[in-house]
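Numbering (this note's numbering), first residue to last: 109 to 243.
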C-alpha cells in the first residue's frame, strides 16, 4: 500500500484541481470509502454510462494527482481517498477566493447571497455560523 503523510498529500494535490469528471469519481470514493473501479462504475450508473477502462484511467489519474491511494486486493486494487472531502472543499474555496474574488472573502459571500435563492433555514444557519465565528 502507498503511504504518504497527510500534509504531503494535501500540498501535492492542492496544486492540481479536479476536473468535473474527476470530482464525480471522488464524490463516489468519499461516499462509499475504499472501493474497486467496478464499484465506482456501479455507483455512477444509471446516470453515467462510463466504460470500466475510462473509470480506471480516471482513478489512476486521481492517484497520480495525490487524491487517492491504492492497495492491492486479490487481482485488483482498492482505492481510497487520500484527501478528505472537507480538506478539498477548504482548498477549493481558498483557491476561488484568491483567483476569482480578488482575495476578498466578503465578495464571495455577497455573490452567494445575490445569486442563490436561499431558504430562511439556510439564512438562519449562515447567521448562526457567522455569530459563532465572531465569538
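Beta carbons are placed, not taken as given, at the ideal position from N, Cα and C, and that holds for glycine.
Nothing here was measured: the structure is a model prediction, and the numbers come from that model.
- Contact annotation, residue 167 with residue 191: C-beta distance approximately 14 Å; criterion of less than 8 Å not satisfied.
- Note on geometry: alpha-carbon atoms of residue 231 and residue 183 lie some 50 Å from one another.
- Shown here, residue 221 sits in a helix according to DSSP, grouped into three states.
- Beta bridge pairing from DSSP links residue 187 with 143 and 178.
- Residue 243 sits in coil when the DSSP states are folded into three classes, being neither helix nor strand.
- Nearest to residue 204 by alpha-carbon distance, out of 194, 242, 216 and 193, is 216.
- In the DSSP annotation of this structure, residue 153 is not part of any alpha helix (DSSP H), being labelled neither H nor E.
- In chain order, 145 place their CB closer than 8 Å to the CB of residue 164, counting only its own chain and leaving out the 5 sequence neighbours on each side.
- Here residue 212 carries a coil assignment [DSSP, helix/strand/coil].
- A direct Cα-to-Cα measurement between residue 229 and residue 180 gives close to 45 Å.
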